[in-house]
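So the protein sequences, as listed, match chains A and B. Going by my numbering, the final residue of the first sequence carries number 1380, and the count climbs one at a time with no gaps. Going by my numbering, the final residue of the second sequence carries number 684, and the count climbs one at a time with no gaps. First the structure, in the form of structure tokens, and then the observations on it.
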Amino acid sequence: MRKYENLVIVKPTLTAEEIQASINAIEEVITSNGGEIAARDTMGMRKLAYPIEKNERGYYHVVYYSVAPAAIAEIERRFRINEDLLRFVTIKYDTNREVAAWNGLVEKANKAPEAPKAEEAPAEEAEATTEAAAE
Amino acid sequence: MSEKRKYKKRYCKYCEAKVDFMDYKDVANIRFSLSERYKIMPRRLTGNCKRHQDMISTVIKRARAAALVPYTVTRKQVVTAPFENLK
């Protein structure tokens, strides 16, 4: 089992229920191929940096999961067939450092919906450190 | 000259912050190593070390594929809203 991350951009022309249904379908593809979803991160409707298929906006959704490396080809094939998706990006977390980062990201994604206040404090600290570094 | 002065003090910003891993979804942090036209800034101007420059370049390319950061910005787009996506 290897750690992966998938970012998918769903078409903005769909209604809210249809978007939710297509996201459920995406997660179903991962789980049906033996993947274990660790966390999800909904970034929501965002402006795209450049138009994709003449769409200016897109609904971003990120899924963190672990799956056997051989299943990735099938998962990507299924994503390519799916016409609700504008774009998907699969990231592999392989080295020890990357896996540690993956664990951190999963923790962050799991924490966010439950305790938004706890999430704010470390974010501010991070900003403060970057500002200090800039000076 | 102003360009030169901006990067006069050369040190790796990421080494200073002890960055071990960069997330491509975190556009605000990537921004430092991108030019006005969203080209990847060379090491000689930003002062990044080789290790972090390699990291940032892969991260920027991922962010471009995910439409978080544009590949190119035309003159028209520069005038209208170059940084709107970051807010």
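Every residue gets a Cβ at the ideal spot worked out from N, C-alpha and C, and that includes glycine.
Under the rule that 16 or more other beta-carbon atoms within 10 Å means buried, what is residue i, buried or exposed?
{"i": "M1290/A", "result": "exposed"}
{"i": "N1385/A", "result": "Only positions 1246 to 1380 of chain A appear in the structure, and residue 1385/A is not among them; the question remains open."}
{"i": "N1341/A", "result": "exposed"}
{"i": "E1349/A", "result": "Note that residue 1349/A corresponds to Gly in the displayed sequence, not to Glu. So G1349/A ends up on the exposed side."}
{"i": "S630/B", "result": "buried"}
{"i": "T1335/A", "result": "exposed"}
{"i": "E1250/A", "result": "buried"}
{"i": "R628/B", "result": "exposed"}
Taking CB distances under 8 Å as the criterion, tell me whether residue i reaches chain A.
{"i": "V656/B", "result": "no"}
{"i": "L665/B", "result": "yes"}
{"i": "D651/B", "result": "no"}
{"i": "R659/B", "result": "yes"}
Indicate, with yes or no, if the ligand ATP has a heavy atom lying under 7 Å from the CB of residue i.
{"i": "V1253/A", "result": "The model depicted lacks the ligand ATP and carries no ligand whatsoever."}
Looking at chain B, is there any beta carbon in it that lies within less than 8 Å of the beta carbon of residue i?
{"i": "V1344/A", "result": "no"}
{"i": "R1332/A", "result": "yes"}
{"i": "E1364/A", "result": "Below a pLDDT of 50, predicted positions are generally treated as unreliable, and E1364/A, at 40, falls in that range; the measurement from the model is reported next regardless. So, not an interface residue."}
{"i": "G1303/A", "result": "yes"}
{"i": "A1294/A", "result": "yes"}
{"i": "I1264/A", "result": "no"}
{"i": "L1350/A", "result": "yes"}
Can you list, in chain order, the residues of its chain whose CB lies under 8 Å from that of residue i, leaving out five sequence neighbours each side?
{"i": "G1279/A", "result": "V1312, A1313, A1316"}
{"i": "E1281/A", "result": "M1246, Y1310, S1311, V1312"}
{"i": "C609/B", "result": "G644, N645, C646, H649"}
In chain order, what residues of the same chain lie with their CB nearer than 6 Å to the CB of residue i, ignoring the 5 residues before and after it?
{"i": "R640/B", "result": "Q650"}
Skipping 5 residues on each side, what residues in its chain have a beta carbon closer than 7 Å to that of residue i?
{"i": "I1320/A", "result": "V1274, I1275, N1278"}
{"i": "R1302/A", "result": "P1257, M1290, R1291, K1292, L1293"}
Output the residue ranges of the beta strand (DSSP E) runs that lie fully inside the segment 623–653 of chain B and measure 3 residues or longer, sorted by chain position.
none
Quick one: complete alpha helix (DSSP H) runs, 4+ long, within the segment 1330–1364 of chain A?
1341–1359
Beta strand (DSSP E) segments (min. 3 residues) lying fully within the segment 1252–1302 of chain A
Those beta strand (DSSP E) runs which fall completely within the segment 1252–1302 of chain A and span 3+ residues are 1281–1297.
Touch check for the segment 655–666 of chain B and the segment 1256–1263 of chain A: three-plus C-beta pairs under 8 Å?
no
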